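Below is one structure, written out as structure tokens; the observations come after it.
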Amino acid sequence: MSSVGRGGKRRAGPPAAPSPLAAKRAQPMPPGAPQPPPPAAAAAAEEDMMDEDVFLDETILAEDEAALLLLDRDEALASRLSRWKRPALPADLVSGCSRSVAFQQLDIDYVIGESHKEFLPNSSGPAAIIRIFGVTREGHSVCCQVHGFEPYFYISCPPGMSPDDISGFKQTLEARMKESNRNSSVQRFVKSVELLQKQTIMHYQPNKSQSFLKIVVALPTMVASCRGILERGITIGSLGSKSFVTYESNILFALRFMIDCNIVGGNWIELPAGKYRKATRVMSYCQLELDCLYSDLVSHAPEGEYSKMAPFRILSFDIECAGRKGHFPEPTHDPVIQVCFIIVVF
């Protein structure tokens, strides 16, 4: 407070008591306590914290956008894949074998496995199983496993060899095959030897046949080893050592099957009702996996109704490489820069 005295002079009043806040600010810091940061440093720290908050917000926003894009991509992919989903199997094909199955075959190969015990109860050991892949008229994918077809070839029957000599010839050939295939699990290498009357196109003469031996072996790979033994020579009882010229011993097993069953490329195959069984072990990604005997297959000529095409799915692809000038691209040197795929229903 102040007052005005005589002569107009202002006199100073007693000093005002300090406020609690000012008193608190005026208190000295205890020894060892951290000193407060200067105003510039505090402002910089606050600005850094704000930048971190903005960065975190932007990161979370970017992650959300990426998740949405990924979700949209997955939904778009699922929508596209749903268009290529194969039709569901009818109930009579799911539960039984009461109707015939016709399909257009696209590929034929074979695998080594156990024979079907219901179709071939007396068979034992590994055997060749033909696989036929195809598509039905409705678009169902099929894998047909064909049993009972065995690899074979022919040799000319040597002069003086009688039917009584065939048994001894088979035993000798079996023994030689065991020596050549000691690591094999096959119990019987030579399944049968049969005397037949055939004709050869070499020096062909119409209406004149000659004796041949049809030799059936256990596995397709054994045709070559058996052929080698016969070409090098084998002892046949009283006839002594004989070498043989083999016939049809270089035909691929799947092709041999197609020839004998009158199957041509891309024709229609039919499995009559009751002549096939649903596969007990899945070996492919096909909707239908069936087992049957090769003798029950019906091969249709590509005529009339069976000249139509099944709805095959055709996947075409191409790659482009950054190749070197004057060199065909190699995987170890030339990177792939572009890959293109296209799928259509034929």
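In terms of my numbering, the sequence shown opens at residue 85 and continues consecutively.
A virtual CB, placed ideally from N, CA and C, is assigned to each residue, including glycine.
Since the structure is predicted, the reported quantities are computational estimates derived from the model, not experimental observations.
* Asked: In chain order, what residues of the same chain lie with their CB nearer than 8 Å to the CB of R431, ignoring the 5 residues before and after it?
  -> What the structure shows of the chain is the stretch from 85 to 430, and residue 431 is not part of that stretch, so it cannot be assessed.
* Might you give, ordered along the chain, the residues of its own chain that have their beta carbon closer than 6 Å to the beta carbon of A110, omitting 5 neighbours on each side? => Residue confidence is low: A110 scores 46 on pLDDT, short of 50, so the model does not pin down where it sits. No coordinate-derived value is stated.
* Asked: Looking only at its own chain, which residues have a Cβ that is under 6 Å from the Cβ of H459, when we skip the five neighbours before and after it?
  -> The requested residue 459 is not part of the displayed model; the chain covers only 85 to 430.
* **Reference V274, options A259, I285, T284, C241, closest by Cα** => When the alpha-carbon of V274 is set against those of A259, I285, T284, C241, the nearest one is in A259.
* State the DSSP-derived secondary structure class of P247, mapped to helix, strand or coil. => In the structure shown, P247 sits in a helix (DSSP, three-state: H, G or I).
* Thinking E354 and A363 are a contact (beta carbons under 8 Å), I'd like their distance in whole angstroms, please. => The C-beta distance from E354 to A363 rounds to 18 Å, too long to fall under 8 Å, and the pair is not in contact.
* Can you list the beta strand (DSSP E) stretches of 3 or more residues lying completely in the stretch 374-422, in chain order? -> Complete beta strand (DSSP E) runs here, min 3: 382-384, 397-405.
* To do: Please list the segments of the beta strand (DSSP E) lying wholly inside the stretch 288-362, counting only runs of 3 or more residues, in order along the chain.
  => Those beta strand (DSSP E) runs which fall completely within the stretch 288-362 and span 3+ residues are 294-301, 318-320, 324-326, 352-355, 360-362.
* Unbroken beta strand (DSSP E) run spanning A212, endpoints -> Following the DSSP letters along the chain, one finds A212 inside the beta strand (DSSP E) bounded by residues 210-219.
* DSSP three-state assignment for Q189, whether helix, strand or coil -> Residue state, collapsed to three classes: strand.
* To do: Determine the burial state of A150: buried for a count of at least 16 other Cβ atoms within 10 Å of its Cβ, exposed for fewer.
  => Looking at its Cβ environment, which holds fewer than 16 other Cβ atoms inside 10 Å, A150 is exposed.
* Coarse secondary structure for L252, derived from DSSP in three states -> Looking at the sequence itself, residue 252 is Gly, so the reference to Leu does not match. Of the three classes helix, strand and coil, the one that applies to G252 here is helix, per DSSP.
* List the residues that DSSP assigns as beta-bridge partners of L280. => Answer by DSSP bridge pairing, in chain order: F296.
* With DSSP run on the structure shown, which of helix, strand or coil describes V366? -> Three-state DSSP puts V366 in coil, outside helix and strand.
* **Distance CB(G321)-CB(D249) smaller than 9 Å** => Cβ atoms of G321 and D249: closer than 9 Å.
* What residue from D402, K201, W352 has the CA that sits closest to I426's CA? -> Closest option to I426, judged by alpha-carbon separation, among D402, K201, W352: D402.
* Asked: Taking only runs of the beta strand (DSSP E) that begin and end inside the stretch 144-193, which ones reach a length of at least 3 residues, in chain order?
  -> If we require 3 residues or more, the stretch 144-193 turns out to have no beta strand (DSSP E) run fully inside it.
* Asked: What residues match up with G197 in a beta bridge as DSSP calls it?
  -> Note: G197 sits in a beta bridge opposite A211.
* Apart from the five residues on each side of it in sequence, which residues of its chain come closer than 8 Å, Cβ to Cβ, to V195? -> Sequence-distant Cβ neighbours of V195 in its own chain, meaning closer than 8 Å and more than five residues away, are A212, I213, R215, M367.
* Thinking C-beta only, is S295 closer than 9 Å to L314? -> At the C-beta level, L314 and S295 stay beyond 9 Å of one another.
* Asked: If you drop the 5 nearest sequence neighbours on each side, which residues of the same chain put their C-beta closer than 8 Å to that of A107?
  -> Low local confidence applies: a pLDDT of 48 at A107 is under 50, so the model's placement there is unreliable, with the coordinate-based value given in what follows. Residues of the same chain with a CB within less than 8 Å of the CB of A107, apart from the 5 flanking positions on each side, do not exist.
* Asked: How would you call C424, buried or exposed, if buried means at least 16 neighbouring beta carbons within 10 angstroms?
  -> Exposed: under 16 other Cβ atoms inside 10 Å.
* Taking 8 Å as the threshold, find out whether the stretch 326-345 comes into contact with the stretch 231-241 through three or more Cβ pairs. => The stretch 326-345, when compared against the stretch 231-241, does touch it at the 8 Å Cβ threshold.
* Note the first and the last residue of the continuous beta strand (DSSP E) segment covering C227. => Run containing C227: 225-231, per the beta strand (DSSP E) assignment.
* Any idea what DSSP makes of L204, helix, strand or coil? -> Looking at L204 - three-state DSSP - the assignment turns out to be coil, as it is neither helix nor strand.
* To do: Express the C-alpha separation of I192 and V301 in angstroms, rounding to a whole number.
  => Approximately 21 Å, taken between the alpha carbons.
* **CB of L381 within 9 Å of CB of V226, strictly** => No; because the gap between Cβ atoms is not below 9 Å, this pair is not in contact.
* Asked: Alpha carbon to alpha carbon, what distance is there between P304 and L339?
  -> Between the alpha carbons of L339 and P304 lies a distance of about 12 Å.
* **S240 - partner residues in DSSP beta bridges** => According to DSSP, which records beta bridges pairwise, S240 is partnered with F296.
* Find the nearest neighbour of G244 within the set L399, D158, G324, D344, judged by alpha-carbon distance. => When each option's Cα is compared against that of G244, the closest is G324.
* Closest Cα partner of T220 within the set C405, E414, P395 -> For T220, the nearest C-alpha among the options comes from P395.
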